[in-house]
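Some notes on the structure that comes next.
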Amino acid sequence: MRLARLDPAPVMPPDLDHRRMSDRDPATCRTGASPVLGISGGFGVLAVRLHRISAEHWAGDPSAAVAAARNLHPGRLPTAERRARYFTDHARAYGMWGRREDCVKALLAVCRSIS
Numbered sequence: 259m260r261l262a263r264l265d266p267a268p269v270m271p272p273d274l275d276h277r278r279m280s281d282r283d284p285a286t287c288r289t290g291a292s293p294v295l296g297i298s299g300g301f302g303v304l305a306v307r308l309h310r311i312s313a314e315h316w317a318g319d320p321s322a323a324v325a326a327a328r329n330l331h332p333g334r335l336p337t338a339e340r341r342a343r344y345f346t347d348h349a350r351a352y353g354m355w356g357r358r359e360d361c362v363k364a365l366l367a368v369c370r371s372i373s
């Protein structure tokens with residue numbers, strides 16, 4: 259059986275430190291939803307929390323990505339695409355962390371969440 263080679267996560271330059279942008283930022287946290295809805299489902303605290311999972315993963319910190327995922331209930335996300343993104347990012351973090359069973363569970367949850 260041939261295993262895919264995993265490339266290391268890219269290193270983020272210090273001036274792009276994602277941890278400075280947090281869900282505690284008053285500019286993004288006035289409400290849980292955004293008045294700018296449109297096709298993307300809006301931008302607000304939920305979107306920031308969703309993107310934080312990706313940012314933690316790409317910064318090379320899978321445990322922080324999993325912790326960020328625990329702070330967001332996927333049922334609150336407005337679109338199937340965002341719920342799918344939540345679970346695939348969660349799965350990537352578990353995979354990077356070496357937690358294969360949790361990774362598979364998160365991938366299976368994608369199917370359940372969008373059906």
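For the sequence shown, my numbering assigns the number 259 to the initial residue and increments by one for each residue that follows.
Even for Gly, the Cβ is constructed at its ideal location relative to N, Cα and C.
key: Own chain partners of residue 355 with C-beta closer than 8 Å, once the 5 adjacent residues on each side are dropped   = Exclusion of the five residues before and after residue 355 leaves 320, 321, 324 as the residues of its chain whose Cβ lies within less than 8 Å of its Cβ.
message = Going by DSSP, what residue range makes up the alpha helix (DSSP H) through residue 317?
response = Counting along the chain, residue 317 falls outside any alpha helix (DSSP H), and DSSP gives it neither H nor E.
task = Reducing DSSP to helix, strand and coil, say where residue 332 ends up.
result = helix
ask   = With DSSP run on the structure shown, which of helix, strand or coil describes residue 357?
value = coil
inquiry  = Beta-carbon within less than 6 Å of residue 310's beta-carbon, same chain only, minus the 5 sequence neighbours each way: which residues are those?
reply    = 326
query = Between residue 315 and residue 370, what straight-line distance do the alpha-carbon atoms span, to the nearest angstrom?
reply = 23 Å
task = Taking residue 368 as the reference, give the member of 349, 303, 357, 359 with the closest Cα.
result = Among 349, 303, 357, 359, the Cα nearest to that of residue 368 belongs to 349.
request  = Can you say whether residue 364 is buried or exposed, counting buried as having 16 or more other CB atoms within 10 angstroms of its CB?
outcome  = Within a 10 Å sphere around the beta-carbon of residue 364 sit 16 or more other beta-carbons, which makes this residue buried.
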